[in-house]
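To start, the structure itself, in structure tokens.
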Amino acid sequence: MTRPKVSEVKAIKTIKDLPVGTYGSAFNLVEKNSSWRSVKPIINEDLCVQCEECYLTCPDGVIYLDNFEMKIDYDFCKGCGICAKSCGMKAITMEREE
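Taking full-length UniProt numbering as reference, the numbering of the sequence shown is continuous, increasing by one, and the terminal residue is 98.
Structure (structure tokens):
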């Protein structure tokens with residue numbers, strides 16, 4: 001396993017120094033959140049109908065539509081499996097990380 005890249009933590013002096021959204025380098029010492037994940041979601045494009053249910057239920061917002069295909073940003077996916085459970089088409093399976 002490789003060590004995640006460490007970034008400099010800046011001092012927070014005012015409310016404007018706080019990051020907007022769920023990810024901000026001022027709060028995280030790493031630029032990836034996935035280093036501890038043991039399983040990851042895999043989307044079967046043959047079964048996926050782009051209903052975007054996985055996009056709506058992902059707590060980390062790592063699923064997105066790109067060129068009519070659902071994609072996953074594995075740098076920030078934590079492998080929780082909520083997307084796979086919410087997929088009515090069973091197009092997402094959780095596979096062991098290698």
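Every residue, glycine too, gets a C-beta built ideally from N, C-alpha and C.
Values in this document were obtained by computation on a predicted structure and should not be read as measured data.
Straight-line CA distance for C51 to K85?
Here the question's residue 51 lines up with position 51 in the sequence shown. Here the question's residue 85 lines up with position 85 in the sequence shown. Their backbone Cα atoms lie some 14 angstroms apart in a straight line.
Start-end ranges of the beta strand (DSSP E) lying completely within the UniProt domain "4Fe-4S ferredoxin-type" (39 to 67), minimum 3 residues
39 to 43 and 63 to 66
Buried or exposed, going by whether 16 or more other CB atoms sit within 10 Å of the CB of G79?
One-based indexing of the sequence shown puts residue 79 at position 79. That one is buried.
Per-residue DSSP class, three states only, for K16
Sequence index remark: in the sequence shown, residue 16 carries index 16 (1-based). If DSSP states are grouped into helix, strand and coil, K16 belongs with the helices.
Could you compute how far the alpha carbon of G61 sits from the alpha carbon of G88?
Residue 61 sits at position 61 when you count from the first residue of the sequence shown. Residue 88 sits at position 88 when you count from the first residue of the sequence shown. Looking at the two C-alpha atoms, the distance is approximately 19 angstroms.
Name the two residues that bound the continuous beta strand (DSSP E) containing K71.
Your numbering for residue 71 matches position 71 in the sequence shown. It spans E69 to I72 - the beta strand (DSSP E) in which K71 sits, taken as one unbroken run.
At the level of alpha carbons, what is the spacing between E97 and F76?
As a position in the sequence shown, residue 97 is number 97, starting the count at 1. As a position in the sequence shown, residue 76 is number 76, starting the count at 1. C-alpha separation (whole angstroms): 14 angstroms.
Using 10 angstroms around the beta-carbon of A91, count the other beta-carbons present and answer buried if the total reaches 16, otherwise exposed.
If you number the sequence shown from 1, residue 91 lands on position 91. Under this definition A91 is a buried residue.
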